[in-house]
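Engineer: Right, I'll just put the structure down here and ask away after.
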Amino acid sequence: MNFQAPTSKLFFQPWYDIDLPQRVADVPALLNRFEKRLLYYVAKERYLGKGAIVDAGCFAGGSTVSLAVGLADNERKIDKAQKIVTYDRFVLDDSMRRSERINKELRGATTDDEFYGQFRHNTAGLEHLFRLEKGDLLDKRWDGEPVEILFLDIAKNWDLMRWSMEHHFSALYPGAILIHQDFADSGHYWLPFVMAYLRDYFDVVEYMEPCTVIYICRAAIPNDVIQVDLLKTLSLAEALALHNSLKPNLSALRQAMLDIQACYLCRWYGDNEMALTLLREAKARYAGLPRFVGDIKAAERSFGLVEAV
Numbered sequence: 603m604n605f606q607a608p609t610s611k612l613f614f615q616p617w618y619d620i621d622l623p624q625r626v627a628d629v630p631a632l633l634n635r636f637e638k639r640l641l642y643y644v645a646k647e648r649y650l651g652k653g654a655i656v657d658a659g660c661f662a663g664g665s666t667v668s669l670a671v672g673l674a675d676n677e678r679k680i681d682k683a684q685k686i687v688t689y690d691r692f693v694l695d696d697s698m699r700r701s702e703r704i705n706k707e708l709r710g711a712t713t714d715d716e717f718y719g720q721f722r723h724n725t726a727g728l729e730h731l732f733r734l735e736k737g738d739l740l741d742k743r744w745d746g747e748p749v750e751i752l753f754l755d756i757a758k759n760w761d762l763m764r765w766s767m768e769h770h771f772s773a774l775y776p777g778a779i780l781i782h783q784d785f786a787d788s789g790h791y792w793l794p795f796v797m798a799y800l801r802d803y804f805d806v807v808e809y810m811e812p813c814t815v816i817y818i819c820r821a822a823i824p825n826d827v828i829q830v831d832l833l834k835t836l837s838l839a840e841a842l843a844l845h846n847s848l849k850p851n852l853s854a855l856r857q858a859m860l861d862i863q864a865c866y867l868c869r870w871y872g873d874n875e876m877a878l879t880l881l882r883e884a885k886a887r888y889a890g891l892p893r894f895v896g897d898i899k900a901a902e903r904s905f906g907l908v909e910a911v
C-alpha cells in the first residue's frame with residue numbers, strides 16, 4: 603500500500619464529514635449521504651483529468667449530480683467538458699415498481715418516460731459536464747479512453763459484470779479509483795468473487811455501509827485476465843476458495859455477508875444441495891442478528907426453499 607501515491611488520502615476517508623453543496627444533498631438518490639460525499643469528493647479533490655469519470659448506473663441522477671457538481675468545483679485547470687459518462691436504461695421493471703424506497707425517490711414517476719424526465723430534471727444545468735449513454739449497456743461499446751474514476755452500480759447480473767470488466771475495468775490504470783456500490787449486497791454474489799479473482803490488481807481502500815467498497819487500481823489488468831469466463835473456467839471448489847479468501851481482512855459483519863453470498867454462488871454453479879447446506883449453516887450461525895434477517899429471508903425466497911430451511 604503506497605501512502606505516497608496521489609490517491610493515498612483516500613485511505614483516511616477525507617470525505618466523511620465534508621459539507622455537501624445543497625444541490626447534492628437534496629437530489630433524489632438511492633445513495634446515502636456518505637456515498638454522495640464520496641462521489642462529490644473524488645470528482646472535486648482527486649480527479650486529475652487523466653481519463654473519464656464513469657457513472658455506471660445513475661438511476662434518477664443522484665450519482666450524476668454528486669459527480670458533476672464535484673467536477674464543477676474542481677479547481678484544477680483541466681478539460682471538464684462531458685468528462686463524466688453516465689449510463690442507465692431508465693426502465694421501471696416490476697421489482698422497482700414494488701419498491702417503496704424507489705417510488706419515493708422517483709417523486710411520483712410511474713412510466714419509463716417519467717423516470718427519464720426525472721433524471722433530466724435533476725441534472726438540469728449540468729449537461730455540459732456529462733454524456734448520457736441511455737439504453738441497454740450490453741449494446742454499448744467503450745471507446746478505449748482511460749478510466750480515472752469508475753462508479754459501478756450497474757453490474758446487476760453476470761452479463762453486465764462481464765461487460766463492465768471487458769469495457770471499463772480494462773481501461774483502468776494504476777491510481778484509478780473503483781467504487782463498487784453493490785459489493786456487500788447478498789444478492790450480488792458475483793462481485794466479491796470477481797474482485798477476489800482480480801486481487802493482484804487492486805488495493806482495498808474502505809468498506810462503507812451499507813454495501814459500497816472503494817478500491818484503488820494497483821496495476822493495469824491484462825486482456826487475457828479480463829477475458830477469462832470465470833464461471834466456465836473455475837470449479838465450484840475453486841470459486842468458493844476465491845470467495846472466502848477475502849475473509850481474513852474483513853470485519854465479522856462482512857464475513858457473515860460473504861457466508862450468505864456463498865449460498866448463491868453454489869446455486870449459480872448448479873449445486874443446490876451445497877447451497878441449501880450453507881444457507882442452513884448461515885441461518886443457524888446468524889439467527890437472532892437483525893442485520894442479517896432480511897438477507898437470509900431473501901435467500902430463502904430466492905431459492906424457493908423456505909419450507910425446507
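This note's numbering numbers the first residue of the sequence shown as 603 and each following residue consecutively.
We treat Cβ as the ideally placed atom computed from N, Cα and C, and that holds for glycine.
#1: Using DSSP with H/G/I as helix, E/B as strand and the rest coil, what is V656?
#2: Starting from the C-beta of H769, find all residues in its chain whose C-beta is less than 6 Å away, skip the five residues before and the five after it, and write them out in chain order.
#3: With a 10 Å radius around its C-beta and 16 neighbouring C-beta atoms as the bar for buried, classify S766 as buried or exposed.
#4: Going by DSSP, name the residue or residues bridged to V749.
#5: Does the distance from the C-beta atom of G651 to that of V749 stay below 8 Å?
#6: Along the chain, where does the beta strand (DSSP E) containing L734 start, and where does it finish?
#7: By DSSP, does H769 sit in helix, in strand, or in coil?
#8: In the DSSP output, what is I686 paired with across the bridge?
#9: Should the stretch 831-840 be regarded as contacting the stretch 636-644, the criterion being three or more beta carbon pairs within less than 8 Å?
#10: Helix, strand or coil, according to DSSP, for V911 in the structure here?
#11: According to DSSP, simplified to helix, strand and coil, what is A607?
#12: Is F636 closer than 8 Å to M810 when the C-beta atoms are compared?
#13: For chain D, find out if any of its Cβ atoms is closer than 8 Å to the Cβ of R635; answer yes or no.
#14: Between A732 and A786, is the Cβ-Cβ spacing less than 8 Å?
#15: Spell out the partners DSSP gives V815 in its beta bridges.
#16: At what residues does the alpha helix (DSSP H) containing F795 begin and finish?
#17: Count the other CB atoms, across all protein chains shown, that sit within 10 Å of the CB of G890; report buried if there are 16 or more and exposed otherwise.
#18: From I704 to L632, what distance separates their C-alpha atoms?
#19: Apply the 10 Å Cβ neighbour rule to Y618 and answer buried if 16 or more other Cβ atoms are within range, or exposed otherwise.
#20: Just mark V895 as buried or exposed, buried being the case when its beta carbon has 16 or more other beta carbons within 10 Å.
#21: Take M763 and list the residues in its own chain whose beta-carbon comes closer than 8 Å to its own, dropping the five residues that flank it on each side.
#22: Mind checking whether N543 and A645 have CB atoms under 8 Å apart?
#23: Strictly by DSSP, which residues pair up with F804?
#24: Measuring only the C-alpha atoms, how far is V656 from L878?
#25: Should E735 and T688 be called a contact, given that it needs their Cβ atoms to be closer than 8 Å?
#26: Just verifying my parser: in three-state terms, what is the DSSP assignment at L891?
#27: Going by CA-CA distance only, name the one from R882, A839, P824, Q684 that's closest to G727.
Structural biologist: By the coordinates alone:
#1: strand
#2: W744
#3: buried
#4: A654, L774
#5: no
#6: 732-736
#7: helix
#8: I655, F732
#9: no
#10: Because V911 sits at a pLDDT of 39, beneath the cut-off of 50, its placement in the model cannot be relied upon, and the following sentence gives the value as read from the coordinates. In this structure, V911 counts as coil in the three-state DSSP scheme.
#11: Because the pLDDT of A607 is 48, which lies under 50, any placement of that residue in the model is unreliable, and the question is left without a value.
#12: yes
#13: The structure shown has no chain D; it contains just one protein chain.
#14: Per the sequence shown, residue 732 should be read as Phe rather than Ala. Cβ distance not < 8 Å, so F732 and A786 don't count as in contact.
#15: H782, Y809
#16: 792-799
#17: exposed
#18: 7 Å
#19: exposed
#20: exposed
#21: A757, W792, L793, V796
#22: In the structure displayed, the chain extends from 603 to 911; residue 543 sits before or after that span and is not available.
#23: C819
#24: 38 Å
#25: yes
#26: coil
#27: Q684
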